[in-house]
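**Student:** With the working numbering applied, the sequence shown corresponds to residues 217 to 402, in that order. Glycine included, each C-beta is placed from N, C-alpha and C at the ideal position. Quick one: this structure, given as structure tokens, is what I'll be asking you about.
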Amino acid sequence: MDGEEPLWAAKEEWLDRAVEILDFFHVMEHLWTIQRSLPKSCQADDFVDHHTRMLLEAKGDYVVRNFKRLITEWNLRGNAKKEMQRGIGYFQRNRQRMRYDEYLAKSYPISSGVAEGTCRNLVKDRMKLTGMRWERRGAQAMIHLRPLYLNGEWKTFLNYRIEKEQKKLYGKAAAYSTVTDYAQSP
217 MDGEEPLWAA
227 KEEWLDRAVE
237 ILDFFHVMEH
247 LWTIQRSLPK
257 SCQADDFVDH
267 HTRMLLEAKG
277 DYVVRNFKRL
287 ITEWNLRGNA
297 KKEMQRGIGY
307 FQRNRQRMRY
317 DEYLAKSYPI
327 SSGVAEGTCR
337 NLVKDRMKLT
347 GMRWERRGAQ
357 AMIHLRPLYL
367 NGEWKTFLNY
377 RIEKEQKKLY
387 GKAAAYSTVT
397 DYAQSP
């Protein structure tokens with residue numbers, strides 16, 4: 217997730233065991249914002265590349281110390297100083313969520329693109345079509361069923377439901393107990 221505290225609070229309530237990872241693209245946005253506020257003599261690519269490498273190696277404390285040093289060394293004032301201080305606060309607050317070396321070693325995604333793409337494919341592409349209106353109950357049912365369809369498990373699920381309903385109604389499976397059987401029946 218990005219660095220917004222309300223999101224982290226919601227995570228604690230709903231996903232308390234999830235690993236907290238600060239979205240790396242948001243981190244990069246902060247680095248570029250800081251760099252753009254610096255004197256023109258600061259080489260943009262070198263500044264961002266250097267600090268990106270440090271963050272990927274889980275050296276966030278180094279980045280914070282370096283930012284503090286640069287405020288004094290470059291005698292930053294005004295917007296440049298303000299952006300650097302904002303960056304220092306951001307990286308300090310999120311220090312425990314920036315162990316990118318560990319996350320990458322465990323093959324965890326370090327940006328939210330995977331989750332955002334899944335949400336788009338799983339929810340938005342199906343539920344936000346023209347003219348659609350959903351009540352919470354129906355939307356939740358669709359969210360439960362959509363992955364079965366997308367993963368090619370729809371027929372298996374239908375067969376499971378037919379078998380379950382047949383046993384519930386009749387105490388045993390019926391002669392036609394699968395989707396394929398129904399399709400081939402006279």
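Can you list, in chain order, the residues of its chain with a C-beta nearer than 7 Å to that of Glu299? Leave out the 5 residues immediately preceding and following it.
**Tutor:** Translated into the one-based positions of the sequence shown, residue 299 becomes position 83. For Glu299, where only same-chain residues beyond five positions count, the Cβ hits under 7 Å are Thr249, Ile250, Ser253.
**Student:** Going along the chain, which residues of its own chain have a beta-carbon closer than 8 Å to the beta-carbon of Leu320, five neighbours each way excluded?
**Tutor:** If you number the sequence shown from 1, residue 320 lands on position 104. These residues qualify, in order along the chain: Leu272, Ile326.
**Student:** Just tell me which of Gln259, Val279, Cys258 has its CA closest to the CA of Thr268.
**Tutor:** Here the question's residue 268 lines up with position 52 in the sequence shown. For the residues Gln259, Val279, Cys258, the minimum Cα distance to Thr268 belongs to Val279.
**Student:** Taking Val235 as the reference, give the member of Asp277, Ser328, Thr372, Ile304 with the closest Cα.
**Tutor:** In the sequence shown, residue 235 corresponds to position 19, counting from 1. Nearest option by C-alpha distance: Ser328.
**Student:** Tell me, please, whether the stretch 252 to 266 touches the stretch 221 to 241 by the rule of three or more beta-carbon pairs shorter than 8 Å.
**Tutor:** no
**Student:** Compare the C-alpha of Trp290 against each of Asp277, Cys258, Asp239 and name the closest.
**Tutor:** Your numbering for residue 290 matches position 74 in the sequence shown. The option with the nearest alpha carbon to Trp290 is Cys258.
**Student:** Alpha carbon to alpha carbon, how far is Asp239 from Glu318? Give it in angstroms, no decimals.
**Tutor:** Indexing the sequence shown from 1 puts residue 318 at position 102. Indexing the sequence shown from 1 puts residue 239 at position 23. So the alpha carbons of these two residues sit roughly 14 Å apart.
**Student:** According to DSSP, simplified to helix, strand and coil, what is Tyr324?
**Tutor:** To locate residue 324, count along the sequence shown from 1; it is residue 108. Three-state DSSP puts Tyr324 in coil, outside helix and strand.
**Student:** Please state whether DSSP places Asp218 in a helix, a strand or coil.
**Tutor:** Looking up residue 218 in the sequence shown gives position 2. The answer is coil: DSSP assigns Asp218 none of H, G, I, E or B.
**Student:** Between Pro402 and Phe241, what straight-line distance do the alpha-carbon atoms span, to the nearest angstrom?
**Tutor:** Sequence index remark: in the sequence shown, residue 402 carries index 186 (1-based). Sequence index remark: in the sequence shown, residue 241 carries index 25 (1-based). With a pLDDT of only 41 at Pro402, under the threshold of 50, the placement of this residue in the model should not be trusted, and no figure is reported.
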